[in-house]
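Report on the following structure.
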Amino acid sequence: MTILIVADHSQNALKPGNTQAVACAEKIGGEIQILIAGYNCAGAAAAAASVAGVSKVLIADAEQFTHTVAENLAPLIVSIAKNYSHILFVASAAGKNTAPRVAAMLDVAQLSDVVAVVSPDTFVRPIYAGNAFATVQSSDAIKVITVRSTGFDAVASTGGTATIEALALSPDTGLAKVLRQELSKSDRPELVAAKRIVSGGRGMGDGDRYRQILEPLADKLGAALGASRAAVDAGFVPNDYQVGQTGKVVAPELYIAVGISGAIQHLAGMKDSKVIVAINKDPDAPIFQVADYGLVGDLFTIVPELTAAI
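Structure representation (structure tokens):
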């Protein structure tokens, strides 16, 4: 078997999740190749070639791949799909955008958010917002899979000696074009890659108090900032802070949930965290059922005291 991983990258480097996808591929078994489709993306290709366990990196370097547009990327993947038994995507925004189109063009069923490998044709994925797990077997000749990175321990990002091979390029389909892209800039760690996360919920009251209370704690811990969907919907913070089923799925070493009740939607995105600390005035809040440590009380008193003690 030969497995293709469609890399999620920023032209010069790999984004979080790719090394976990390689770990998933190793559990499936077989030769592992990575596809880098981008523009002036030699840096990302070199990074992929250094990942342990990868035998070959395929590079498609053309202007139509500047942005991860599924309408251009999917035909390229489908053109080489017959060479592979499995095609893996990171379960990121880019992967979730492209994988369904590839599966449809190949007329196969997609296996989404895989968190464990039972055998080369049988996989485990969460259902019901992570409250249950389904074991799914696929008889498709080519299996299209999105990999939830929290389900696998990353392989080493260095030490690999894969060869790099240029692909024949597919033309620009002209079906979609990115007109503008706005990237938020922050000195904090990227949310999905952070080892420590401080998240706030509706209990923060408003955006000003969210920043006044949580930013000093995050600064002390070197942590990323997150939020529940309720806090995002209320306008406290931008939607790229959202952790949960419809936001980002994270599994840091430390997750501090402040003023978050613990709705199923939010728990689905963070309950794999190594250590969970919950601060809430309601002792019956569902968040305490998954927390390793819980503090019941007024967050506007507890959090500043905690920050001062660090």
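For the sequence shown, numbering that gives the first Met the number 0 begins at 0 and goes up steadily by one. Using N, Cα and C, we set each Cβ at its ideal position, and we do this for glycine too.
With contacts defined by Cβ atoms closer than 8 angstroms, G246 and R228 form a contacting pair. If you draw a 10 Å sphere on the C-beta of Y127, you find fewer than 16 other C-beta atoms in it, and that means exposed.
Under the DSSP assignment, Q19 falls in the alpha helix (DSSP H) whose first and last residues are 17 to 27. By a beta-carbon distance limit of 8 angstroms, A61 does not contact L178. Their separation comes to about 19 angstroms.
Residue environment: Q19 is assigned as buried (16 or more neighbouring CB atoms within 10 Å of its CB, all protein chains considered). P119 and A103 have their C-alpha atoms some 21 angstroms from each other.
In terms of Cβ geometry, L220 and A59 do not form a close pair [threshold 8 angstroms].
Exposed is the label assigned to G296, since fewer than 16 other Cβ atoms lie within 10 Å of its Cβ.
Cβ neighbours of M203 within its own chain (closer than 8 angstroms, five residues either side excluded): Y209, I212, L213, A230, F235, V257, G258, L298. Inclusion of L305 and V289 in the CB contact set at 8 angstroms is not warranted, their separation being larger than that value. 8 angstroms or more divides the Cβ of V242 from the Cβ of A222. In the three-state scheme derived from DSSP, where H, G and I count as helix and E and B as strand, Q10 is classed as coil. Taking E252 as the centre and dropping the five residues before and after it, the same chain places the C-beta of K194, R195, K273, V274 closer than 7 angstroms to its C-beta, in chain order. K219 sits in a helix when the DSSP states are folded into three classes.
In the displayed model, I259 falls within coil according to three-state DSSP, outside both helix and strand.
The way I'd put it, the segment 43 to 59 does touch the segment 149 to 160; three or more beta-carbon pairs between them come closer than 8 angstroms. For V117, the closest C-alpha among the options G150, F287, G94 is that of G150.
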